[in-house]
Each structure stands twice: as structure tokens, then as C-alpha cells.
Amino acid sequence: MVSVGERKLEVLQSYSTLVRPADLSVIATLSVRPNGISKDAVVSSPTFAQIADTVYELLHGRIWAGHNIVRFDCARIREAFAEIHRPPPEPKGTIDSLALLTRRFGRRAGNMKMATLATYFGIGRQTHRSLDDLRMNLEVLKYCATVLFLESGLEAPESSAAAGSESSSGYAGFLEPDEVSIPSISVVLVPFYRGTQRIQILHKDITLQLCCTHLKVRFGMNRKFVDYAGRPRLNFVVDTTPNLCQILDACDRLGQRLSVDSGSSSEWLPLVNRKDGSWNSPTMRLQIPTVADESNFRWVTELYEQESSATPRRLVFSKFDVEELVALFTPGTFVDAYLSLDPYDYQQNAGIRLVAKKLILHSN
């Protein structure tokens, strides 16, 4: 356990100890772990009953923060106190960095495990020792907060500029393909973290976002592709149009060139998928992002349904029901998509994701 100051997040106090289990048979075959924990070290450690007062004093009435603590650490603490027939400490509040970073930082760092995040930020390897892991958790949170702060500063002027000039799509800041001038598309490197940079795609010096109407769904969501938590990856494939292909190809060319010039060796994956054969028209894949909300997950894309010329009706979901979502995006369905272009470079793959901010499904 580490106690940190709420203003500067500096370490004020720390406490760490191994705990001898009541039933020593559970460690009878314990060999020396890669993290240095041995059977002898565990046997010579205090029982939980012997340290319960200290643990209670450090935790009760405080704000608890950690990575995946809601599902793991909080439950283990309650179980440990229940075993010695004592009431557990109660937090003043909890901050679960897994849920927080998934919601605010997105999936740019893969499975969001602590070791993956540490590798992503170049902090070092996770040792799986309590104090080291806590300090790493704190550093990861600081880096993520810095990145989000920088990104919010970059987005603010663009958002205000876009708000002042609503496009013909009727959705501020989103351009229909006919409104895009390909020579006006540019790519720049913007500050990211620890002195690194990421690609940003602009149109006339404003972040490029697209409104694409009447797209036909070619392939719906495939349940066999899942993320680290076992949830289906929420994306689907639509047919694209010649003028939209030209825009996306231009973004790919500029993005790939800048990626190579900036020193990346990752393989660039194109936005437009083309296959041989006259009946195989070009397609593109649209992503529906998800966020963590306490112990649940939900998608953040705004979803609407429209019948003939009626006003689109907002679709409201009471829970994260993937089957309900899958049923909406069947092949042949037509959809209007409001898209952001999200460049990425991760695990030797680079490219641009088309992230759906808003989708309007048309009743056939």
C-alpha cells in the first residue's frame, strides 16, 4: 500500500509485507518465484490477523486507487477481513485506473493491463511486487493524464473553429466527401507523450472528420473476433464510393509517408480494402468504440434509426447487449456515418481507423 498526496501525487507513506496463510499446505510446493518470493519468506511472514490493524488504519475512510481494484483488490480485502471475523475497512471513494483509462484513454495501448501500459509508455517491466507495481501504476496514470491534457489542448481551438462553420451534413465539423478538397488535406505530427509524437489528419488546418451517407453494409459484426476481455470487437464493413476512396487513399498516402519519415518501421494497413474481381467493390471498416463504466462496458457511438423521411430516432440501450447491436447491422442495411480518422501505430502495425461518432440506420 502506498499513501500519496492528493495535490502533487507524491508518496507520503508506504507499507508492504508478505502474508503467511492460515493453511500452509497451499504453499507446500511453492518454489522461488521470478519476483523473488520464496516459501521460506512466506512462512516467516506475519499472518493477516497480525497485520489487520495496520491495514485497517491505512485504508479506512481513505480514497482507494489502483488498477482493476474494483473487481480484484476490494474483493480480496473484504475476504481477508471476513476470514478473521472482523468488519473490513470502507473506502471514502474508489478510483479504478483500469476503468478510468479504458474510458478516457481508449484502446490505444492494447489490452490495458499494467504490463502492457508500462511497455507502451516505456516505463519498464512489471515486477509483480506490490510496492513496485503501485509506483508503476502511479507513473502510468501520470503519463496518461499528460497525454489527455495535451490532446484536449489541441482539440479545443479546432472544435471552436468547426462549431462556427456547420457543414451541409447538418453536423458541425463533419464534411461530406464532395466538400473535401484533396489538395487541402495535410498531416502533421502533434505532441504525444515523453517527447514522442502522433499523426493528425487535417483539412484546411482543421481536424478532418467525414459525414458519409447511404453506405451499404457489406459484412456485419463478426462475433469470433474478441478483445482481451472476451467481448466481440465492434466493427463492420461497408461499401465505399469512388470519391470517398480518393479521400481515404490521399489520407493513407500522406499518413504512410509521414510515418516512414518519422522513423516508424510498422507495416501500414490501408483504409480501403480492394479485392480482384469486377463484383468486389472497395470496402472500408467502421469501428464502434467502447468505454468502461464502473463494472460495465458500453459503446459511445450515438445510434439513430430513421424511417423514410421522418426525423431520426435516438436508440437507447439499457445494457451492453452485443446481440442487440449485431442485429442492427445486417448485410444490405444502409447507414449514414459520421466518422473521425484516428491514426495508430502499435505492435508493428500502423494505419488509420475510421471511428464512428454517430450512425443513422435506415429502415429498408
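For the sequence shown, UniProt numbering assigns the number 1 to the initial residue and increments by one for each residue that follows. Note that CB positions come from ideal geometry on N, CA and C, so glycine has one too. As the structure is a computational prediction, the values presented were derived from the model and not from experiment.
Tell whether a beta-carbon distance below 9 Å holds between residue i and residue j.
| i | j | result |
| --- | --- | --- |
| L234 | V322 | yes |
| L210 | P183 | no |
| L286 | V187 | no |
| L258 | I352 | no |
| V55 | I77 | yes |
| A49 | I84 | yes |
| A250 | I185 | yes |
List the whole-angstrom C-beta distance separating residue i from residue j, where the pair is believed to meet the contact cut-off of C-beta under 8 Å.
| i | j | result |
| --- | --- | --- |
| P89 | H60 | 4 Å |
| P289 | I360 | At roughly 17 Å, the Cβ-Cβ gap does not stay under 8 Å, so P289 and I360 are not in contact. |
| I201 | P343 | 7 Å |
| L175 | M284 | With a Cβ gap of about 16 Å, L175 and M284 do not count as contacting. |
| T47 | A75 | Wrong, their Cβ atoms sit about 20 Å apart, outside the cutoff. |
| F320 | R298 | 5 Å |
Given this structure, state the Cα-to-Cα distance separating residue i from residue j, to the nearest angstrom.
| i | j | result |
| --- | --- | --- |
| I247 | K216 | 18 Å |
| E10 | K142 | 11 Å |
| residue 365 | R62 | The shown model of the chain, from 1 to 364, leaves out residue 365, and the question about it has no answer. |
| S25 | S44 | 15 Å |
| H214 | T241 | 10 Å |
| R274 | S281 | 7 Å |
| G220 | A356 | 15 Å |
| L325 | A41 | 52 Å |
| E57 | P331 | 59 Å |
| F149 | R86 | 43 Å |
| V147 | A327 | 36 Å |
| E166 | Q348 | Any reading at E166 must be qualified, since the residue scores a pLDDT of 45, below 50, and its modelled position is unreliable; no value is offered. |
| D205 | F121 | 29 Å |
| E302 | C245 | 25 Å |
| V238 | W268 | 21 Å |
| D73 | K224 | 31 Å |
| R135 | V180 | 47 Å |
| P270 | D252 | 6 Å |
| W64 | L341 | 36 Å |
| Q306 | M1 | 53 Å |
Residue i by DSSP, collapsed to three states: which one?
| i | result |
| --- | --- |
| G263 | coil |
| F48 | helix |
| K142 | helix |
| F236 | strand |
| R198 | strand |
| R84 | Arg is not the amino acid found at residue 84; the sequence shown has Ile there. Note: I84 maps to coil in three-state DSSP. |
| E302 | strand |
| Q347 | coil |
| L12 | strand |
| L208 | coil |
| A99 | helix |
| R7 | coil |
| P177 | helix |
| R76 | helix |
| V42 | helix |
Which partner residues does residue i have in the DSSP bridge list?
| i | result |
| --- | --- |
| N273 | T283 |
| F334 | K216 and H362 |
| D342 | R353 |
| A65 | I95 |
| I185 | H203 |
| V147 | DSSP, once it has assigned bridges, lists no residue as partnering V147. |
Is residue i close to chain B, meaning its C-beta is less than 9 Å from at least one C-beta of that chain?
| i | result |
| --- | --- |
| D178 | No chain B appears in this structure, which consists of one protein chain only. |
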